[in-house]
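Data first, discussion second: the structure below is written as structure tokens.
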Amino acid sequence: MIIDDDFDILRYADSILGSKGHEVIVNSDPRKALDTLASHNVDLLVVDIVMPECSGFDVLRAVKKLKHLHCPILMLTGKSAREDVRMALSLGATDYMVKPFDRDVFLSKVESIVGMQASAPEVKFAAASPNSHAEVTVPALITGITEMGFTMRTLSYVDRNVRLKTATTLFKEVGIECPPLRAVSCRPLDDDAEYHYEVFVSFIGLDEFSMKKIRRWIAGSAIQKRKAS
Amino acid sequence: MISELERLKREYAAGLPEKAAALATEARGVVKRLERGQAPAHGKVEKLAHKLAGSSGTYGFMVVSALARLLEDAIAGGEFDKRAPEDAAGWLKLWLDAFEAHAARAARQEPDADVDDVLRPLGTRRAA
Numbered sequence: 011m012i013i014d015d016d017f018d019i020l021r022y023a024d025s026i027l028g029s030k031g032h033e034v035i036v037n038s039d040p041r042k043a044l045d046t047l048a049s050h051n052v053d054l055l056v057v058d059i060v061m062p063e064c065s066g067f068d069v070l071r072a073v074k075k076l077k078h079l080h081c082p083i084l085m086l087t088g089k090s091a092r093e094d095v096r097m098a099l100s101l102g103a104t105d106y107m108v109k110p111f112d113r114d115v116f117l118s119k120v121e122s123i124v125g126m127q128a129s130a131p132e133v134k135f136a137a138a139s140p141n142s143h144a145e146v147t148v149p150a151l152i153t154g155i156t157e158m159g160f161t162m163r164t165l166s167y168v169d170r171n172v173r174l175k176t177a178t179t180l181f182k183e184v185g186i187e188c189p190p191l192r193a194v195s196c197r198p199l200d201d202d203a204e205y206h207y208e209v210f211v212s213f214i215g216l217d218e219f220s221m222k223k224i225r226r227w228i229a230g231s232a233i234q235k236r237k238a239s
Numbered sequence: 030m031i032s033e034l035e036r037l038k039r040e041y042a043a044g045l046p047e048k049a050a051a052l053a054t055e056a057r058g059v060v061k062r063l064e065r066g067q068a069p070a071h072g073k074v075e076k077l078a079h080k081l082a083g084s085s086g087t088y089g090f091m092v093v094s095a096l097a098r099l100l101e102d103a104i105a106g107g108e109f110d111k112r113a114p115e116d117a118a119g120w121l122k123l124w125l126d127a128f129e130a131h132a133a134r135a136a137r138q139e140p141d142a143d144v145d146d147v148l149r150p151l152g153t154r155r156a157a
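Sequences listed follow chains A and B, in order. Using the working numbering, the first residue of the first sequence is number 11, and each one after it goes up by one. Using the working numbering, the first residue of the second sequence is number 30, and each one after it goes up by one.
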């Protein structure tokens, strides 16, 4: 279900998800959406924050009281301030995207979140339940970065949906503040003696400006590599 | 045959002049109030700018989105209250010129200008 008072956003998001076979319910009135959710379950809620009379934060608070509803929640909003991201996460949001949003990043986020719910991890060494608000620090080697997130190698298994903290200079090099992070997937590595798992970590709440900096940094890094070789 | 998203984008572009005009009209009202030494009363401008910033950029009109976001941030950051009214009105007129020109360009679906080049004269962190 997508809750947003902007019909242009509802139509766009509906079209993106519908084209991939997802059944989408759109609702421009958060109060009516909450009425529907009182007696229905959904796989995912996509929620705007700035809406008249009932904000996305109000929706998060109300959803917490609906005991039958255990769906992940993706915030999709024009609010990009770090305190808004923190507030949403503290109220139970799973992930956070800033408008304007990219079609592919949106689709990828939605499918990673929905997929996360659909399949349980096979092995667990250091794990937390998928709906917990744990934050863990793990020693890791970052091997790749995209505007969606980064790939890292770790010694221990990282459960999906766990929030992570890093102490890396990478974000300083890119020129952005380290955003909140969420583990999306973790797979065992067969051929790396030093690290045992490869984890994809998603950025939470990056705005277009920060994504642009990442794209520029990636392009610059590729040029440097070409020069070096 | 055009894709569904392309069709939506064209429809959005067709409706953009009306949305841009609504925001520009409200912004002109703020200019007038500032010039008369009245309180800017920019609540409606902020809401319209917020909505347009999110939707226009999502449909690929990044300059219109960045200009709308710039205005929203300026209001939310208290710029209209901190600056002298004539300075604030002068800045908003500059913003209006840029916004109307680029909204018209977007409605014609002409290629976007460079966002940083557009924002630089208006003084913004994004242009840094």
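Here a beta-carbon is modelled for each residue, glycine too, at the ideal position from N, C-alpha and C. No experiment lies behind these values; they were computed from the predicted model shown.
Alpha-carbon spacing of residue i relative to residue j, whole angstroms
{"i": "K34/B", "j": "V115/A", "result": "The question names Lys, but residue 34/B is Leu in the sequence shown. The alpha-carbon atoms of L34/B and V115/A are separated by roughly 15 Å."}
{"i": "L44/A", "j": "D53/A", "result": "15 Å"}
{"i": "A42/B", "j": "V124/A", "result": "32 Å"}
{"i": "A136/A", "j": "K76/B", "result": "Bear in mind that a pLDDT of 38 at A136/A, under 50, signals an unreliable position, so the number given afterwards is only what the model happens to contain. Using only the alpha carbons, I get a separation of about 45 Å."}
{"i": "T178/A", "j": "P198/A", "result": "23 Å"}
{"i": "L165/A", "j": "E55/B", "result": "57 Å"}
{"i": "R39/B", "j": "L20/A", "result": "16 Å"}
{"i": "M61/A", "j": "D14/A", "result": "7 Å"}
{"i": "F111/A", "j": "T87/B", "result": "5 Å"}
{"i": "P140/A", "j": "V148/A", "result": "Annotation note: pLDDT 46 at P140/A (below 50); position unreliable, coordinate value reported separately. Approximately 18 Å between the Cα atoms of the pair."}
{"i": "K222/A", "j": "R98/B", "result": "16 Å"}
{"i": "E218/A", "j": "R71/A", "result": "28 Å"}
{"i": "G66/A", "j": "A98/A", "result": "8 Å"}
{"i": "D24/A", "j": "I12/A", "result": "8 Å"}
{"i": "G89/B", "j": "L37/B", "result": "11 Å"}
Coil, strand or helix - residue i by DSSP
{"i": "K222/A", "result": "helix"}
{"i": "T156/A", "result": "coil"}
{"i": "S90/A", "result": "coil"}
{"i": "S100/A", "result": "helix"}
{"i": "D141/B", "result": "coil"}
{"i": "P82/A", "result": "coil"}
{"i": "V108/A", "result": "strand"}
{"i": "K175/A", "result": "strand"}
{"i": "I228/A", "result": "helix"}
{"i": "F135/A", "result": "Here F135/A scores only 35 on pLDDT, less than 50, and its place in the model is too uncertain to base an answer on."}
{"i": "V147/B", "result": "helix"}
Candidates the options, of which the one nearest residue i by Cα
{"i": "D143/B", "options": "M91/B, G44/B and A51/B", "result": "M91/B"}
{"i": "M158/A", "options": "T176/A, L165/A and L191/A", "result": "L191/A"}
{"i": "E183/A", "options": "E93/A, I59/A, I155/A and V34/A", "result": "I155/A"}
{"i": "S212/A", "options": "H206/A, K74/A and A193/A", "result": "A193/A"}
{"i": "S84/B", "options": "I152/A, H32/A and D18/A", "result": "D18/A"}
{"i": "E204/A", "options": "M107/A, V108/A and A150/A", "result": "A150/A"}
{"i": "S220/A", "options": "C188/A, P40/A and I12/A", "result": "C188/A"}
**Complete runs of the beta strand (DSSP E) confined to the stretch 18-75 of chain A [at least 3 residues]** = As far as the stretch 18-75 of chain A is concerned, its whole beta strand (DSSP E) runs of at least 3 residues are 55-57.
**Message:** Is it the case that the stretch 223-233 of chain A contacts the stretch 163-175 of chain A, given that we only count it when at least three CB pairs across the two stretches are under 8 Å?
**Reply:** Counting Cβ pairs under 8 Å, fewer than three are found: no touch.
**Message:** Could you check whether the stretch 52-68 of chain B touches the stretch 76-94 of chain A, counting it as contact only if at least three pairs of C-beta atoms, one from each stretch, sit closer than 8 Å?
**Reply:** Touching, no, given that fewer than three Cβ pairs across the two stretches are closer than 8 Å.
**Request:** Evaluate contact between the stretch 46-60 of chain B and the stretch 109-124 of chain B, counting only Cβ atoms and requiring at least three cross-stretch pairs below 8 Å.
**Result:** These segments touch.
**Asked** Where in the stretch 73-114 of chain B do unbroken runs of the alpha helix (DSSP H), each at least 4 residues long, occur, reported from the N-terminal end onward?
**Response** Runs found: 91-105 and 108-111.
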